[in-house]
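Novice: First, the structure itself, so that you have it in front of you.
2 protein chains.
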Amino acid sequence: MTFPLDSTHDPDLRSWVEGADDHSDFPIQNLPLGMFSPEDRSPRAAMAIGDYVLDLVAAADAGLIGGDAARIVRETGEQLNLLLAAGAPVRVELRQQVSRLLAVGSEHEAAARACLFAHTDVTMHLPAQIGDYTDFYVGVHHATNIGKLFRPDNPLLPNYKHVPIGYHGRASSIRPSGAPLKRPVGQQKGEEGPVFGPSKRLDYELEMGVWISQGNALGDPIDIASASEHIAGLSLFNDWSARDIQAWEYQPLGPFLSKSFLSTVSPWIVTAEALAPFRIAQPARPEGDPAPLPYLIDETDQASGAFAITLEVYLSSAKMRNQGLTDLKLSSGPASNMYWTVAQMVTHHTVNGCNLLPGDLLGTGTISAPDRSGYGSLMELSSGGKEPIDLPGGETRTFLEDGDRISLRGTLSAPGFRSIGFGACVGDVTPAREY
Amino acid sequence: MTFPLDSTHDPDLRSWVEGADDHSDFPIQNLPLGMFSPEDRSPRAAMAIGDYVLDLVAAADAGLIGGDAARIVRETGEQLNLLLAAGAPVRVELRQQVSRLLAVGSEHEAAARACLFAHTDVTMHLPAQIGDYTDFYVGVHHATNIGKLFRPDNPLLPNYKHVPIGYHGRASSIRPSGAPLKRPVGQQKGEEGPVFGPSKRLDYELEMGVWISQGNALGDPIDIASASEHIAGLSLFNDWSARDIQAWEYQPLGPFLSKSFLSTVSPWIVTAEALAPFRIAQPARPEGDPAPLPYLIDETDQASGAFAITLEVYLSSAKMRNQGLTDLKLSSGPASNMYWTVAQMVTHHTVNGCNLLPGDLLGTGTISAPDRSGYGSLMELSSGGKEPIDLPGGETRTFLEDGDRISLRGTLSAPGFRSIGFGACVGDVTPAREY
């Protein structure tokens with residue numbers, strides 16, 4: 001498939017919404033989809049513009065958007081699943097109408113202004129009801145770094161370069177940015193048998209989230225040439241992990257309680273349409289690596305299946321915030337450090353006949369750069385807890401302490417286009433329960 | 001908690017519904033919950049009685065059942081989740097009313113008769129919308145048998161006797177009994193790198209399914225003393241598995257496409273109330289095994305947290321059915337071959353703060369007996385494919401062939417009580433797609 005550009009991508013397009021043109025994440029070229037609640041009201045569909053939220057239901061009711069887009073926005077209720085299921089044609093129709101509505105020169109500025117809410121006045125929700133959540137492991141440098149901790153001479157297992165490795169995750173405990181992280185309690189390996197208590201090796205994982213639009217019927221795989229049509233957009237995703245619980249529990253069936261206590265997603269879906277200018281070629285495989293099996297190969301996907309995204313992670317401790325110190329940037333690196341494209345993830349997921357549903361979420365797995373400046377977890381940054389990191393103000397960290405705040409950021413940039421971003425993906429660590 | 005018996009459990013209770021008294025699975029002492037569709041109508045809540053289905057919505061509308069039970073039945077829509085969320089009090093109220101309605105001597109036999117549909121005339125659905133599905137691995141003999149194939153001297157990993165091992169499964173591909181199994185296609189290990197094609201080592205797994213009633217809030221675990229209150233009931237569960245896909249993909253993050261192509265559940269929830277007479281003590285751990293950590297131990301659960309269920313598996317090939325041959329019984333054994341109770345599964349699942357939701361499904365993992373007569377998978381029965389099984393009519397099997405039908409059966413028996421069962425959990429293997 002192709003990823004058409006239109007007037008909504010024009011870098012010279014400006015919005016009449018105050019501050020939108022200066023907003024690093026949500027200028028008028030972005031228009032991500034989400035679900036919000038104005039005070040005391042039920043959740044409804046929205047697009048972000050600058051520091052504001054456009055109430056799409058109100059805009060539809062006021063006749064400011066029309067056609068199938070308006071009908072589906074009104075029908076979609078408290079989750080975006082119905083809108084996601086409608087696929088690209090309806091998203092494009094909605095994007096083009098909202099772009100005209102919010103652009104300088106709109107005839108309906110006054111009416112549209114009545115549909116705006118300041119972001120600070122609303123509650124953001126998960127954009128969709130997530131039926132199933134799957135986490136992949138496509139960050140090849142992360143897989144290598146983690147593998148080295150266990151198998152220095154042979155970090156990647158024999159299947160890694162053939163299989164987009166993934167596993168089922170817990171959908172019920174995914175929360176939007178801002179949800180507190182209660183330190184999990186559980187079994188860990190002790191010197192003489194297991195011990196029980198709060199995790200002492202609590203970590204974050206820098207990931208991207210992939211939202212599914214149209215699904216597929218059970219038994220009917222999605223081929224690689226059409227996989228992109230099933231992707232509604234991307235978010236930032238923090239797959240918090242308790243490394244001590246994980247080390248003890250994960251054999252032979254994989255991570256379970258070490259992950260299922262919380263995952264944090266940025267609440268705005270940056271749509272496939274907004275992503276179009278930032279598509280880049282999937283990086284060539286290193287010399288000597290095997291070619292993927294044919295079912296995972298598509299020329300267009302290889303040419304444009306990766307994204308020009310810079311991913312960053314910031315940490316602040318409670319003490320740092322009390323002292324007014326700036327967040328520490330833990331890492332910065334490109335999202336293209338993925339061994340497989342998101343389209344390959346979708347196709348592999350369904351090759352056995354497994355059905356995806358609108359609103360399903362796929363995690364990429366931790367995305368790390370080859371060098372330390374872009375490591376996507378504390379497990380890597382602290383070399384498995386052996387090398388503490390210095391924080392501003394004199395503290396050190398191997399793993400997360402109560403009061404720590406992790407913030408993910410992602411910025412999409414391409415020559416000749418307006419940069420856009422994902423908005424916040426933040427979580428604060430709070431103390432474990434009494435146990 | 002305790003599991004009270006009442007007049008609904010009276011073994012002498014008889015129903016006016018023809019044949020119900022002779023029905024091995026659904027006499028009036030059972031009254032399992034499910035969702036059915038009469039021809040051309042939308043799904044609705046039901047109870048099974050003999051070869052009939054009682055339309056609970058019609059019974060409520062006719063005033064044959066009342067109170068909270070009737071109100072919630074009417075509100076529950078196309079899935080039982082709302083009824084499950086209401087917990088034991090509403091289930092008990094419903095059970096007692098339906099028991100009186102269907103018992104010999106009921107004043108409302110004529111009116112109730114209008115709410116009955118022959119099982120052969122209706123379509124059964126999944127009883128609930130399954131938010132998340134988790135599969136455990138508590139069948140200790142299965143874990144030992146499988147472990148022996150890889151590690152003859154050390155079949156169980158060090159965590160097994162401390163941790164109720166589990167992993168997240170795929171919810172979207174769970175289907176009720178009768179759904180066809182299209183043979184999955186995928187990557188398998190070849191002599192020189194991976195090969196791609198239909199699975200050649202397709203297997204079933206004999207499991208029980210555990211339905212969650214009330215859930216818990218994120219961050220608030222369910223303690224072992226109250227875990228049983230969160231269990232709505234049990235079904236039979238077949239966790240079909242592609243052993244060749246599994247062997248190649250499962251390291252390091254666990255089973256994924258080897259399981260997610262289909263799981264089959266019996267569509268009737270045999271409720272906690274119906275199960276009450278069949279509770280037995282959890283079998284004592286073998287001499288020398290470690291005691292569970294305190295968070296997993298409750299006196300009542302140890303005294304009555306297992307169930308007197310005989311589980312059986314039957315196979316018929318297309319050729320056997322064509323020749324009119326009887327299904328081959330592959331195995332028979334007790335469900336008490338579980339190293340952990342279902343209450344321990346629930347408590348462990350939530351100990352890290354993970355939230356369960358009404359309608360979530362937990363699989364027990366394959367339940368095998370210590371000896372061959374009760375092995376719960378072909379992987380065990382054929383010693384990893386090395387020892388073919390003889391079928392009536394001259395065929396042999398290591399793994400499943402196209403046209404094979406697997407039927408699970410489960411029967412609950414206890415002295416002084418009427419035996420009950422789960423109904424059908426059946427699936428036919430159909431050919432792989434073109435690839």
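As you go down the protein sequences, you meet chains H and E in turn. Under UniProt numbering, the first residue of the first sequence is numbered 1, with each subsequent residue one higher. Under UniProt numbering, the first residue of the second sequence is numbered 1, with each subsequent residue one higher. Built from N, CA and C at the ideal position, the CB exists for glycine as well. These numbers come from a predicted model, not from an experiment.
Along the stretch 266–298 of chain H, what residues have a CB closer than 9 Å to any CB found in chain E?
Specialist: Pro290, Leu293, Pro294 and Tyr295
Novice: Could you give the C-beta distance for alanine 272/E and isoleucine 212/E, rounded to a whole number, given that I count them as a contact under 8 Å?
Specialist: Actually they are not in contact, since the Cβ atoms of alanine 272/E and isoleucine 212/E sit about 11 Å apart, beyond 8 Å.
Novice: Tell whether a beta-carbon distance below 9 Å holds between aspartate 55/H and phenylalanine 26/H.
Specialist: no
Novice: Could you give the uninterrupted runs of the beta strand (DSSP E) lying entirely in the stretch 303–379 of chain E, keeping only those of 3 residues or more?
Specialist: 309–316, 328–334 and 361–363
Novice: Quick check: is the beta carbon of valine 354/H nearer than 9 Å to any beta carbon in chain E?
Specialist: With the sequence shown as reference, residue 354/H is identified as cysteine, and valine is not the correct amino acid for it. Taking Cβ atoms only, chain E reaches closer than 9 Å to cysteine 354/H, which makes this a yes.
Novice: When you compare the CB positions of leucine 181/H and arginine 95/H, do they come within less than 9 Å of one another, or not?
Specialist: no
Novice: Rounded to a whole number of angstroms, what is the C-alpha to C-alpha distance between leucine 156/H and glycine 254/H?
Specialist: Looking at the two C-alpha atoms, the distance is approximately 16 Å.
Novice: Compare the Cα-Cα distances from histidine 168/E to each of Arg418/H, Leu257/H, Pro415/H and Gly423/H and report the closest residue.
Specialist: For the residues Arg418/H, Leu257/H, Pro415/H and Gly423/H, the minimum Cα distance to histidine 168/E belongs to Leu257/H.
Novice: Give the single residue among Phe307/H, Gly288/H and Leu330/H whose Cα lies nearest to the Cα of threonine 411/H.
Specialist: Phe307/H
Novice: Is it buried or exposed, proline 11/H, if we count other Cβ atoms within 10 angstroms and call 16 or more buried?
Specialist: exposed
Novice: Can you tell me whether arginine 372/H is buried or exposed? The criterion is at least 16 other CB atoms within 10 Å of its CB, across all chains shown.
Specialist: So arginine 372/H counts as exposed.
Novice: Can you give me the Cβ contacts of glycine 147/H inside the same chain, cut-off strictly under 6 Å, excluding the 5 residues immediately before and after it?
Specialist: Close CB contacts of glycine 147/H within its chain, under the 6 Å cut and outside five residues either way in sequence, are with Pro155 and Leu156 (chain order).
Novice: Which of the residues in the stretch 166–181 of chain E, read from start to end, lie with their CB under 7 Å from any CB of chain H?
Specialist: Gly166, Tyr167, His168, Gly169, Arg170, Ala171, Ser172 and Ser173
Novice: By Cβ distance, which residues of its chain are closer than 6 Å to isoleucine 407/E, with the 5 residues on each side in sequence left out?
Specialist: A quick correction: the sequence has serine, not isoleucine, at residue 407/E. Within the same chain, serine 407/E has close Cβ partners Tyr314 and Val426.
Novice: Closest by CA to alanine 343/H, which one among Lys319/H, Ser317/H, Glu387/H and Tyr295/H?
Specialist: Tyr295/H
Novice: On a Cα-Cα basis, can you pick out the residue from Ala20/H, Val265/H, Asp289/H and Val98/H that is closest to alanine 111/H?
Specialist: Here the closest residue by C-alpha is Val98/H.
Novice: Could you pull the start and end residues of the alpha helix (DSSP H) that glutamate 109/E belongs to?
Specialist: 109–113
Novice: Closer than 8 Å, Cβ to any Cβ of chain H: which residues of the stretch 230–253 of chain E, in chain order?
Specialist: Across the stretch 230–253 of chain E, CB contacts with chain H closer than 8 Å involve Ala242, Ile245, Trp248, Glu249, Tyr250, Gln251, Pro252 and Leu253, in sequence order along the chain.
Novice: Hey, is leucine 257/H's beta-carbon within less than 9 Å of any beta-carbon in chain E?
Specialist: yes
Novice: Flag threonine 134/E as yes if its beta-carbon sits less than 9 Å from any beta-carbon of chain H, otherwise no.
Specialist: yes
Novice: Taking DSSP's pairing of strands, which residues face glutamine 187/E in a bridge?
Specialist: Phe196/E
Novice: Output needed for alanine 58/H: all residues of its chain with C-beta closer than 6 Å, excluding positions within five of it in sequence on either side, in chain order.
Specialist: Cys115
Novice: Check each candidate in Gln187/H, Asn145/H and Met320/H and name the one with the smallest Cα separation from glycine 393/H.
Specialist: Here the closest residue by C-alpha is Met320/H.
Novice: Would glycine 186/E and serine 199/E be called neighbours here (beta carbons separated by less than 9 Å)?
Specialist: yes
Novice: When DSSP labels each residue in this structure, what does serine 99/H get in the three-state scheme?
Specialist: helix
Novice: Roughly how many angstroms separate the alpha carbons of glycine 209/E and leucine 362/E, rounded to a whole number?
Specialist: C-alpha of glycine 209/E to C-alpha of leucine 362/E: approximately 6 Å in a straight line.
Novice: Does aspartate 244/E pass the burial test, meaning 16 or more other C-beta atoms within 10 Å, or should it be called exposed?
Specialist: buried
Novice: Residues of chain E with CB under 9 Å from valine 351/H, in chain order?
Specialist: Pro184, Val185, Gly186, Gln187, Phe196, Leu257 and Tyr435
Novice: Hey, how far is the Cα of alanine 143/H from the Cα of aspartate 239/H?
Specialist: 15 Å
Novice: Would threonine 341/E pass as a contact of aspartate 289/E if the rule is Cβ separation under 9 Å?
Specialist: no
Novice: Rounded C-beta distance between proline 334/E and arginine 183/E? I'm assuming under 8 Å.
Specialist: Not a contact, Cβ separation roughly 31 Å.
Novice: Using a Cβ-Cβ cut-off of 7 Å (strictly less than) and excluding sequence neighbours within five positions of glycine 365/H, which residues of its own chain qualify?
Specialist: Asp135, Phe136, Tyr137, Val138, Gly139, His142 and Glu207
Novice: Would you decide whether alanine 281/E is buried or exposed? Buried here means 16 or more other CB atoms lie within 10 Å of its CB.
Specialist: exposed
Novice: Can you list, in chain order, the residues of its chain whose CB lies under 8 Å from that of alanine 179/E, leaving out five sequence neighbours each side?
Specialist: Answer for alanine 179/E: Leu262, Thr264 and Gly427, listed in chain order.
Novice: How long is the line joining the alpha carbons of leucine 80/E and glutamine 29/E, rounded to whole angstroms?
Specialist: Distance from the CA atom of leucine 80/E to the CA atom of glutamine 29/E, rounded to whole angstroms, is 21 Å.
Novice: With 9 Å as the C-beta to C-beta threshold (strictly closer), list the residues of the stretch 312–323 of chain E near chain H in chain order.
Specialist: Listed by position, the residues of the stretch 312–323 of chain E near chain H (Cβ gap below 9 Å) amount to none.
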